[in-house]
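Below is one structure, written out as structure tokens; the observations come after it.
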Amino acid sequence: MTQSIPTLFLSHAGPDRSVAIELKRRLLASPDAQAAGLKVWLDVDDLDEGKPWQPQLEAAIGAASAFSVIAGSNGIRNWVRAETDLALSRAIKHESFRIIPILQDGGSDSLTPFVKRYHAVRDPLNNPDALQSLLRAALGLDKNGMPVLTDEPFPGLRSMSEDWADRFFGRRTETDEVLALLRRHRAVTIVADSGAGKSSLAMAGVGHAWRGGALRTDRPRADDAAIWHVITMRPAENPVEQLRDAIESAATQLGCDQAAITSLRQGLTSDPAFALRCGLDPATTHTLLIIDQAEELVTLTPRYRRPEFGRLIAALADAMGDRLSILITLRSDHLNLVGGVEGLGPMVRPPEAQFNLKQPVDLAEIVRGPLTLAGHRDEAEQQNLIDRLRKDLSNRPGDLALAQMTLSLAWRDRGKHGGLLGAYAMNGGALVALGREAERIERTLHHDDATRLMPIFIRLIRLSDVDTGATRRIAARKEFNDGQNCLINRLAGEDCGRLIQTSATHVEIAHESLIKQWPQLHEYLIEHASGLRILSDLMRHALGWATSKESSKHLTTLADEERFQALRQSQGEWLSVEEHRFLDWSKAEHQRIRNDREKTARRIRSGAYALAALLLMLIGVGWFAYDRDQSAQVAEAKARSEAEIASIEAARAGRSRVDALALLALSQAETNPVDALKLVLGAWPESNAG
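In UniProt numbering, the protein residues as written are 1 to 690.
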């Protein structure tokens with residue numbers, strides 16, 4: 001029989017579906033498989049539900065060049081047994097038809113006579129040699145033809161997701177210890193410094209083991225249909241929305257249609273347990289929720305959104321009971337802050353539920369395992385590389401990530417420098433390789449991108465409040481303009497050493513060692529330290545303004561306004577669009593306040609002038625009235641005085657007249673008594689006349 005294109009039929013029972021999907025992905029990711037055009041037939045991808053399934057299976061097995069069946073702890077049963085019968089019939093007729101049993105998750109040779117007749121591979125998802133044997137058989141190679149299972153053995157500075165579980169070496173002990181904690185506590189927190197590999201341990205280690213049923217307490221019954229379900233999220237700026245996105249991602253992997261996904265997203269509010277399970281059977285589903293980089297709850301999430309998320313997680317834990325486990329990764333310097341988040345804090349704080357991740361890991365394993373997968377089996381070179389790493393590195397936090405970065409660069413450049421050791425030496429070893437890679441990238445950039453480089457990195461760094469150096473800052477994508485985001489995408493790619501880690505919404509420096517190892521960046525930070533502190537203050541003001549819907553309570557002081565505007569004038573390319581908007585608003589608001597004050601001052605001055613004029617008028621009127629009253633009083637007094645004088649004069653005149661008449665009467669009394677009497681009567685006062 002001649003097969004032009006190698007085709008592997010992959011048979012599995014329902015509980016082993018996720019294993020089958022992962023095996024297919026890894027096999028097809030192999031460069032040798034791609035070169036040979038290998039096809040893997042898997043029912044979930046290739047079975048037409050609109051047609052009878054048995055004829056399709058017969059046709060697919062008849063067209064295949066190899067057959068592999070997963071013999072898990074449930075054994076080979078039901079339709080899987082029917083498929084193996086077809087394969088056995090095919091093998092009897094065609095000697096070149098290959099059958100490869102896969103012993104997975106407790107599978108044993110004694111489960112079925114089928115397994116005994118053929119050489120089986122055991123646990124290929126966790127054993128590189130077994131996976132190579134499976135691929136070699138699928139491609140029809142003999143033992144001397146060693147297939148290459150990956151052309152990217154080292155992750156560099158990336159966190160290792162579940163997709164990297166096959167290259168996650170050297171951390172088996174730590175994985176088992178975290179799983180042991182999860183058996184005893186419903187929530188476990190992996191605590192370590194930045195760059196220690198928390199995320200990789202959670203996803204590629206614990207998450208991958210969880211899907212394989214690592215927490216099964218005993219051998220399941222033959223009809224066990226337990227589902228080990230994983231949801232992975234990061235809080236970012238809106239943790240509840242991020243959880244919705246994580247549920248959508250998991251539901252998509254499960255094959256849910258768009259209507260079901262929409263229902264799950266909406267259901268996080270009305271029925272959060274159903275949404276987190278992605279609609280799976282609550283009686284058989286065990287869910288692991290991974291909250292990766294929980295420090296984002298205090299570095300990215302606005303304060304008002306934290307309680308809602310914390311209460312949601314607490315409610316899920318209460319509702320799902322022992323069907324939910326929660327794994328949290330957290331930087332050690334944010335432990336107390338995250339421990340204060342309502343709802344989540346009681347899960348984070350207990351020391352007995354914390355796993356303190358320490359260095360070192362087994363450097364021999366992280367070198368040998370991935371290189372074996374990549375088909376590089378020079379044991380002497382592997383050992384020399386291990387010795388070099390051990391000499392360069394120690395127990396410092398983040399050394400594992402530096403080792404992965406150095407190995408990744410050496411693998412990339414091995415062709416240019418005569419092998420891995422030559423590339424390792426030319427790149428400067430683990431202590432300077434990252435900085436040299438940054439310098440190399442800087443030299444390759446054209447002028448426009450070169451001018452964008454430092455403004456990008458300045459936003460990805462936070463100076464310590466005390467003089468202890470700089471740390472990474474997670475920035476939102478929207479902080480950067482289109483040109484900067486294009487460069488960020490390049491810097492996150494393999495050609496640029498993955499100096500930056502990105503997601504759909506956020507950006508961060510891949511490793512804090514870059515700050516010290518890259519001379520230009522280090523010098524730039526020293527030169528612009530004061531400006532960076534001002535930028536940090538500006539970021540905080542702008543964020544508060546934006547999240548409060550542009551509330552005027554976030555208006556800067558005049559001193560801050562002067563500092564911020566001066567920074568914009570000198571380093572405008574550092575600022576985000578939102579910060580430019582904030583400063584435009586702030587400037588306009590300060591101008592409006594000044595204008596209002598000037599208008600108020602003018603109104604006050606005008607009012608003062610009018611009041612002064614009125615007062616002057618009132619004073620004048622009052623003075624006139626007073627003067628007139630005084631004149632009247634003076635005139636009245638004068639008149640009274642004149643009247644008194646006249647009265648006195650009249651009285652004097654009257655007395656003089658009386659005196660004169662009296663004298664005249666005396667003079668005539670003797671000669672003319674009658675006339676004298678008349679004179680006496682004339683002199684008598686009129687007031688006494690009667």
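Beta carbons are placed, not taken as given, at the ideal position from N, Cα and C, and that holds for glycine.
Taking C-alpha atoms, which residue in A450, I21 and T175 lies nearest to L327? T175
Using 8 Å as the cut-off, can you tell me whether the segment 446–463 makes contact with the segment 519–528, which would need three or more C-beta pairs spanning the two stretches below that distance? yes
So does the segment 550–557 actually touch the segment 567–575, counting three or more Cβ pairs closer than 8 Å? no
With H, G and I counted as helix, E and B as strand and the rest as coil, what does DSSP make of V97? The residue you asked about is not Val; residue 97 is Phe in the sequence shown. Correct three-state label for F97: coil.
Take the Cβ of K51 as the centre, count every other Cβ of all protein chains shown within 10 Å, and call the residue buried at 16 or more, exposed below. exposed
Assuming P124 contacts I102 under a Cβ cut-off of 8 Å, what Cβ separation, rounded to an integer in Å, is found between them? 6 Å
Answer with buried or exposed for T269, where buried requires no fewer than 16 other C-beta atoms within 10 angstroms of its C-beta. exposed
Excluding the five sequence neighbours on either side, which residues of its own chain have a C-beta within less than 6 Å of the C-beta of A214, listed in chain order? L179
Does the distance from the C-beta atom of Q34 to that of I70 stay below 7 Å? no
Could you pull out every residue in the same chain whose Cβ sits closer than 7 Å to the Cβ of A91, ignoring the five residues on either side in sequence? F97 and I99
Looking at G375: is its Cβ nearer than 7 Å to the Cβ of V148? yes
Please state whether DSSP places V178 in a helix, a strand or coil. helix
Hey, is the segment 402–410 in contact with the segment 154–163, meaning 3+ C-beta pairs nearer than 8 Å? yes
Considering Q501, what are the terminal residues of the beta strand (DSSP E) in which it resides? I500 to T502
With H, G and I counted as helix, E and B as strand and the rest as coil, what does DSSP make of A209? helix
L324: first and last residue of the uninterrupted beta strand (DSSP E) it sits in: L324 to R331
Quick check on D16: buried or exposed, where buried means 16 or more other Cβ atoms within 10 Å of its Cβ? buried
Let me know the secondary structure DSSP gives H229 once reduced to three states. strand
Can you give the Cα-Cα distance for D378 and Q258, rounded to whole angstroms? 49 Å
Along the chain, where does the alpha helix (DSSP H) containing I526 start, and where does it finish? P519 to E527
Alpha carbon to alpha carbon, how far is T502 from I593? Give it in angstroms, no decimals. 42 Å
Run of the beta strand (DSSP E) containing E508, from where it starts to where it stops: H506 to I509
Identified DSSP bridge partners for R472: I461
Three-state secondary structure (DSSP) at R122? strand
Can you check which of these residues, K516, D495 and S548, is closest to G435 by C-alpha distance? K516
If we call anything under 7 Å between Cβ atoms a contact, is A165 one with H208? yes
Taking F480 as part of the alpha helix (DSSP H), name the residues at either end of that continuous run. Counting along the chain, F480 falls outside any alpha helix (DSSP H), and DSSP gives it neither H nor E.
Can you tell me whether S159 is buried or exposed? The criterion is at least 16 other CB atoms within 10 Å of its CB, across all chains shown. buried
Measure the beta-carbon distance from R311 to G267 and round it to whole angstroms, keeping in mind my assumption that it falls under 8 Å. That belief does not hold up - the Cβ atoms of R311 and G267 are roughly 17 Å apart, past 8 Å.
Three or more C-beta pairs closer than 8 Å, one from the segment 380–389 and one from the segment 180–196: is that the case here? no
In angstroms, rounded to a whole number, what distance separates the CA positions of R136 and F169? 22 Å
Go to I190, then tell me how far its beta strand (DSSP E) extends in each direction, as first and last residue. A187 to A192
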